[in-house]
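Reviewing the structure listed below.
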Amino acid sequence: MLIFERGKSGRRATAQAPKNRPDASTIPDSLLRKAAAPLPEVSELQVVRHFTNLSRKNFSIDTQFYPLGSCTMKYNPRGAHKAASLPGFLRRHPLASDRFSQGFLSCVYDLQEILKDVTGMAGVSLAPMAGAQGEFAGVAMIKAYHQKRGDDARQEILVPSAAHGTNPATAVMCGYKVRELPVKDDGDVDIDALRESVGPQTAGIMLTNPSTCGVFERQIKEIAQIVHDAGGLLYYDGANLNAILGKVRPGDMGFDVMHMNLHKTFATPHGGGGPGSGPVAVNERLLPFLPTPIAGREDVGGEASYCWLDKEALPDTIGALSAFMGNAGIVLRAYAYAVLLGAEGLVRVGEFATLNANYMAKLMEQAGFKLAYPGRRATHEFIVTMSPQVKSFDVNAMDFAKRLLDYGYHAPTTYFPLLVPECLLIEPTETESPDEIEGFVLAMTKILEEAQNTPELVKAAPYNLPVRRLDDVRAARELDLAYRREA
Amino acid sequence: MPFIPHTEDDVRRMLDTIGVQSIDELFDEIPSTLRCEALKHVPSGLTEMEMLRKLSERAEMDEGALCFLGAGAYEHHIPSVVWDIASRGEFMTAYTPYQAEASQGTLQLIYEFQSMMTALTGLDVSNASLYDGASGLAEAVLMAVRANRKSKSRKVLSLGSVNPRYRQAVENIVTNQDIELEVVDVDPNNLQTPTSVLAAYEGQDYAALLVQQPSYFGQLEDVNALTDWAHAQGMLVIAVVNPTSLALLTPPGEWGSTGADIAVGDGQPLGLPLASGGPYFGFICCKKAFVRQMPGRIIGRTVDMEGQPGFTLTLQAREQHIRRSKATSNICTNQGLAVTAATVYMSLLGGEGLRQVALASHENTQSLRALLSAIEGVEVIQNTGPVFHEFVVRTKAPVHLVIEHMESGGIMPGVDLQADYPQLGEAMLVCVTETKTENDLKLYAHKLQAVLSELENV
Chain D
1 MLIFERGKSG
11 RRATAQAPKN
21 RPDASTIPDS
31 LLRKAAAPLP
41 EVSELQVVRH
51 FTNLSRKNFS
61 IDTQFYPLGS
71 CTMKYNPRGA
81 HKAASLPGFL
91 RRHPLASDRF
101 SQGFLSCVYD
111 LQEILKDVTG
121 MAGVSLAPMA
131 GAQGEFAGVA
141 MIKAYHQKRG
151 DDARQEILVP
161 SAAHGTNPAT
171 AVMCGYKVRE
181 LPVKDDGDVD
191 IDALRESVGP
201 QTAGIMLTNP
211 STCGVFERQI
221 KEIAQIVHDA
231 GGLLYYDGAN
241 LNAILGKVRP
251 GDMGFDVMHM
261 NLHKTFATPH
271 GGGGPGSGPV
281 AVNERLLPFL
291 PTPIAGREDV
301 GGEASYCWLD
311 KEALPDTIGA
321 LSAFMGNAGI
331 VLRAYAYAVL
341 LGAEGLVRVG
351 EFATLNANYM
361 AKLMEQAGFK
371 LAYPGRRATH
381 EFIVTMSPQV
391 KSFDVNAMDF
401 AKRLLDYGYH
411 APTTYFPLLV
421 PECLLIEPTE
431 TESPDEIEGF
441 VLAMTKILEE
451 AQNTPELVKA
461 APYNLPVRRL
471 DDVRAARELD
481 LAYRREA
Chain Z
1 MPFIPHTEDD
11 VRRMLDTIGV
21 QSIDELFDEI
31 PSTLRCEALK
41 HVPSGLTEME
51 MLRKLSERAE
61 MDEGALCFLG
71 AGAYEHHIPS
81 VVWDIASRGE
91 FMTAYTPYQA
101 EASQGTLQLI
111 YEFQSMMTAL
121 TGLDVSNASL
131 YDGASGLAEA
141 VLMAVRANRK
151 SKSRKVLSLG
161 SVNPRYRQAV
171 ENIVTNQDIE
181 LEVVDVDPNN
191 LQTPTSVLAA
201 YEGQDYAALL
211 VQQPSYFGQL
221 EDVNALTDWA
231 HAQGMLVIAV
241 VNPTSLALLT
251 PPGEWGSTGA
261 DIAVGDGQPL
271 GLPLASGGPY
281 FGFICCKKAF
291 VRQMPGRIIG
301 RTVDMEGQPG
311 FTLTLQAREQ
321 HIRRSKATSN
331 ICTNQGLAVT
341 AATVYMSLLG
351 GEGLRQVALA
361 SHENTQSLRA
371 LLSAIEGVEV
381 IQNTGPVFHE
391 FVVRTKAPVH
401 LVIEHMESGG
411 IMPGVDLQAD
421 YPQLGEAMLV
431 CVTETKTEND
441 LKLYAHKLQA
451 VLSELENV
């Protein structure tokens with residue numbers, strides 16, 4: 001039942017009602033709404049009950065294991081949430097002057113410094129509000145760099161076929177054409193194809209390393225050399241930064257610019273789809289182009305004083321991409337997380353994410369599943385291809401995914417990356433115990449038996465959830481996107 | 001080891017299973033020349049107690065002033081229920097609802113959100129939210145350029161009274177696709193944009209007109225005339241609106257004879273704290289004809305294989321994970337948790353409750369405007385015209401000094417307009433919501449008067 005359908009005309013929660021009866025007499029009638037906005041009319045208890053019950057229809061990290069490859073669904077410490085929710089931060093207006101912002105600005109500045117160290121880059125802006133906006137900022141900086149040098153011939157961005165869909169979409173948002181690069185059977189980029197693709201038209205390349213195939217791109221130095229020699233720049237998609245934290249830094253690999261997904265590598269719960277935060281980091285070459293605002297610091301009489309640096313301080317900036325400073329609350333959570341973990345803790349994130357992934361990949365292999373890249377080290381994630389099961393039992397990757405829901409596990413990422421047929425991209429993350437991983441593999445093993453003996457059972461899953469498999473075709477054909485109260 | 005559950009035995013057993021000696025061996029595909037040393041600039045970890053102490057001290061540094069700043073972020077009372085519910089782990093720690101059967105809570109909630117936004121804006125469809133109002137407006141501009149079949153133009157026209165921060169973000173985003181934003185000057189005498197001012201733009205090809213209601217100055221524009229004018233010129237109309245005001249003012253879907261085509265704005269006033277600028281969320285609604293040009297996620301109601309109603313992500317063929325370089329936008333997220341809070345907020349208040357918030361804010365604004373008008377050295381530019389919860393004052397003394405002195409007295413009096421609107425002189429934008437009491441308003445007027453006479457005597 002929808003919240004609208006629970007209501008009754010004239011009923012409402014009154015927490016917000018003013019004491020007197022104000023009027024709108026100074027506003028001309030032609031600008032006033034004729035009838036009240038048709039929002040729900042319910043009591044406070046009805047609201048609490050309705051949404052509490054809705055929440056119980058969700059899988060979440062707090063209730064289930066969520067091995068969603070490339071999305072990094074790990075535990076996010078409650079302490080970080082509490083720190084970001086301190087009244088001084090929550091009540092601070094984004095345009096408050098520097099004198100009422102020193103506490104917040106010092107956190108922003110300190111996080112910038114930490115992220116510089118983690119990435120091996122020269123400068124960081126925390127302004128982008130999500131990974132995709134960080135990508136946009138990164139590619140816009142590449143464009144600004146070439147334009148500044150009068151190099152207008154560079155109209156193309158190279159993107160490996162395994163890349164996230166955001167990469168090609170971002171290149172287009174920045175006005176570039178996309179040229180796709182093939183990936184070899186072992187998961188590495190096809191270097192020969194790269195050599196043939198680069199030229200004076202190449203503005204840059206967008207790479208994820210470890211890639212979305214869940215393997216480390218071993219020829220990264222050679223790739224950097226080829227692209228740089230051709231006059232292009234290297235963009236690092238930080239979606240998988242979790243895997244290499246403290247082991248290797250994008251700046252050292254030769255990347256010029258990158259974004260991070262603070263919600264993945266640091267400490268933000270995904271919130272049902274957001275918010276995230278997608279800071280960008282750059283080397284010296286791109287420093288002047290960073291998006292604003294950035295926190296700056298100077299020492300006045302031995303005391304640190306912080307301020308915002310904007311267009312005046314950074315005349316070549318690609319500018320602001322939002323009204324204020326980005327997703328401040330997420331930035332604070334990431335800072336609190338970094339403070340909790342410290343240098344040793346951050347290194348452990350990469351280590352245990354990788355340990356868990358390799359352990360799980362090995363168990364899956366032992367249980368009879370086929371790894372897409374056997375013989376390669378798994379990074380923080382790995383790919384299982386269900387092609388053999390499709391062939392033998394006519395049960396596909398999505399069927400396995402749906403049946404897993406019945407066993408109480410959220411499904412791994414299905415059908416991505418697109419170049420591996422029938423794939424499940426699996427990522428346990430560092431905060432899961434080996435027991436949890438073993439439980440998941442056991443469930444997969446049971447489903448494999450079911451697929452063998454009773455394939456129709458698997459193909460019609462799930463059974464134990466609030467709804468059975470949904471009709472997506474009908475959803476797209478007979479669009480029902482909003483409730484309309486019957487007149 | 002904080003947040004890592006492994007015992008030493010676990011690690012040994014796992015390494016044996018994998019067939020390696022150490023965790024470090026798992027990184028042997030990384031060329032040794034690339035391996036980094038210890039992180040030098042990251043301090044050692046703190047306990048939760050130490051971390052909270054450190055951050056509490058910093059948070060407290062930013063407290064203590066009475067806030068009359070608006071300009072796109074508004075202080076409203078947030079009922080206790082809102083974040084109590086939104087902070088439930090099942091909402092907060094869930095992912096994007098790609099597995100619909102395991103995400104019916106989030107999906108139904110977003111469908112309800114979409115329903116509420118269409119109810120407020122008077123338009124047919126809403127998506128599941130964008131990052132914020134400013135970047136949402138950029139997406140609306142891109143959408144309008146794609147959607148306007150009558151226009152070949154890559155130019156859009158904006159009133160000068162559209163939030164300058166929004167216009168800046170739009171320019172920074174859309175210029176990369178060679179789209180140009182042309183801005184109509186603001187009349188410094190009354191801050192309004194009558195259609196007579198727009199006559200100079202007639203006969204030129206623009207894909208869309210951007211109108212903000214209430215304007216950046218809190219001014220109420222004649223949106224009916226502006227909409228009809230733009231449509232007569234073959235432009236689409238993009239309405240930038242404050243959701244609180246929509247409980248009181250004509251919804252964009254009813255502007256002029258056929259309504260605005262796209263409405264966009266920031267959802268922050270609907271139960272989200274000021275929080276230093278975010279996370280907020282951008283909302284975008286449009287007429288049904290344009291739904292396939294809309295960026296971002298959309299939730300649809302459908303049925304399951306047994307015919308029971310359920311919810312799922314729909315029209316995904318527009319999205320980057322399917323269409324890649326041909327997607328309507330690179331946006332692959334929404335502001336789910338912020339939307340959760342807003343949906344609870346709107347449910348609690350209902351149409352009438354939200355109207356009461358708008359009216360209370362409006363009345364407080366009128367009161368402060370009257371108090372300030374009486375002060376010598378203060379000129380209220382919109383002395384009598386219709387405004388909604390913001391207005392502009394000009395001061396005899398330099399406005400940056402006025403602000404500085406007011407702040408010393410514990411009041412953040414308004415946003416300095418000089419950088420964005422030098423033609424207005426010593427002007428600032430003052431915002432009043434329902435959170436201010438009569439005493440707060442009196443205190444403001446009293447302090448301003450004192451500061452002005454103090455500055456006069458210097």
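For the record, the sequence lines run as chains D and Z. The opening position of the first sequence corresponds to residue 1 in the UniProt record's numbering, with each subsequent residue numbered one higher. The opening position of the second sequence corresponds to residue 1 in the UniProt record's numbering, with each subsequent residue numbered one higher. C-beta atoms are modelled at their ideal positions from N, C-alpha and C, and glycine is treated no differently.
Go ahead and pull the three-state DSSP assignment for Z:E376. It is coil, neither helix nor strand.
Option nearest D:E44 by Cα separation, candidates D:V227, D:Q133, D:R11 = Comparing Cα-Cα distances from D:E44 to each of D:V227, D:Q133, D:R11, the minimum goes to D:R11.
Original post:
How about Z:L401: is its C-beta nearer than 8 Å to some C-beta of chain D?
Top reply: no
Identified DSSP bridge partners for Z:E180
Residue pairing by DSSP places Z:E180 opposite Z:K155 in a beta bridge.
- Query: Looking only at DSSP bridge pairs, what is Z:C286 linked to?
  - Reply: Z:V125, Z:I262
By alpha-carbon positions, which one of D:V384, D:V441, D:M258, D:M360 ends up nearest to D:N167? D:M258
| Can you give the beta carbon distance from D:P77 to D:L332, rounded, assuming they're within the 8 Å contact cut? | Not really, about 13 Å apart at Cβ, beyond 8 Å.
Review point. Which stretch, first to last residue, makes up the alpha helix (DSSP H) that contains D:V172?
Key: 166-173
query: How big is the Cα-Cα spacing for D:R6 and D:V42?
result: 7 Å
Between Z:E434 and Z:H76, is the Cβ-Cβ spacing less than 8 Å?
-> Yes; because the gap between Cβ atoms is below 8 Å, this pair is in contact.
Practice problem: Tell me Z:S453's beta-bridge partners as DSSP assigns them. | Solution: Z:S453 pairs with nothing; no bridge assigned.
Next item on the list: Give a single yes or no on whether Z:D178 has its beta carbon closer than 7 Å to a heavy atom of the ligand ATP.
Entry: Because no ligand of any kind appears in the structure shown, any question about the ligand ATP cannot be addressed here.
My output table needs one value for Z:E221: the three-state DSSP class, helix, strand or coil. coil
### Task
Put D:W308 into one of helix, strand or coil per three-state DSSP.
strand
Ignoring anything shorter than 4 residues or poking outside the segment 266-326 of chain Z, list the alpha helix (DSSP H) runs there in chain order. 320-323
inquiry  = Which residue marks the beginning of the beta strand (DSSP E) containing D:S125, and which one marks its end?
reply    = 123-125
TODO: Please report the residue range of the alpha helix (DSSP H) in which D:C107 lies.
DONE: 102-119
**Asked** Roughly how many angstroms separate the alpha carbons of D:G79 and Z:L52, rounded to a whole number?
**Response** Cα to Cα, D:G79 sits roughly 7 Å from Z:L52.
- Message: Can you tell me whether Z:D266 is buried or exposed? The criterion is at least 16 other CB atoms within 10 Å of its CB, across all chains shown.
- Response: buried
I'd like the span of the beta strand (DSSP E) that includes D:H259, first residue to last. 257-260
Given this structure, state the Cα-to-Cα distance separating Z:P97 from D:A372, to the nearest angstrom. Linking Z:P97 to D:A372 through their CA atoms gives a straight-line distance of about 26 Å.
Fill in: the segment 185-193 of chain Z / the segment 209-227 of chain Z touching (three or more Cβ pairs under 8 Å)
yes
Go ahead and label Z:A200 buried or exposed: buried means 16 or more other beta carbons lie within 10 angstroms of its beta carbon, across all protein chains shown. exposed
Cut-off 6 Å between Cβ atoms - residues of its own chain near Z:Q449, not counting five sequence neighbours on either side: I375
Among residues of its own chain, excluding the 5 on either side of Z:V399, which ones have a beta-carbon nearer than 6 Å to its beta-carbon? D416, E426, M428
| query | Between which two residues does the alpha helix (DSSP H) harbouring D:D229 extend? | reply | The continuous alpha helix (DSSP H) containing D:D229 extends over residues 220-229.
Q: Throw me the rounded Cβ distance for the D:A132 and D:I318 pair, which I believe falls under 8 Å.
A: About 15 Å separates the two Cβ atoms, so there is no contact after all.
Out of D:M1, D:M364, D:S60, point me to the one whose CA is closest to D:V47's CA. D:M1
| field | Cutoff 7 Å; reference D:A487; Cβ partners in own chain excluding five residues on either side | value | Because the pLDDT at D:A487 is just 48, under 50, the model does not fix this residue reliably, and the value given afterwards should be weighed accordingly. Hits under 7 Å: none found.
Validate contact between the segment 262-275 of chain D and the segment 335-346 of chain Z using beta carbons, cut 8 Å, 3 pairs
yes
For Z:V11, the first and last residue of its enclosing alpha helix (DSSP H)
Counting along the chain, the unbroken alpha helix (DSSP H) around Z:V11 starts and ends at 8-18.
Of the residues D:Q452, D:A461, D:I447, D:T429, the one placed nearest D:F65, counting alpha carbons only: D:T429
Strictly under 8 Å for the Cβ-Cβ distance: is Z:V125 near chain D by that measure? yes
Margin query: Quick check: D:V124 and D:K116, are their CB atoms within less than 8 Å of each other?
Written below: yes
- Task: Return helix, strand or coil for D:E478, following the three-state DSSP convention.
- Result: coil
Can you tell me whether residue 499 of chain D is buried or exposed, with buried defined as 16 or more other CB within 10 angstroms of its CB?
This structure cannot settle anything about residue 499 of chain D, because the visible part of chain D is limited to 1 through 487.
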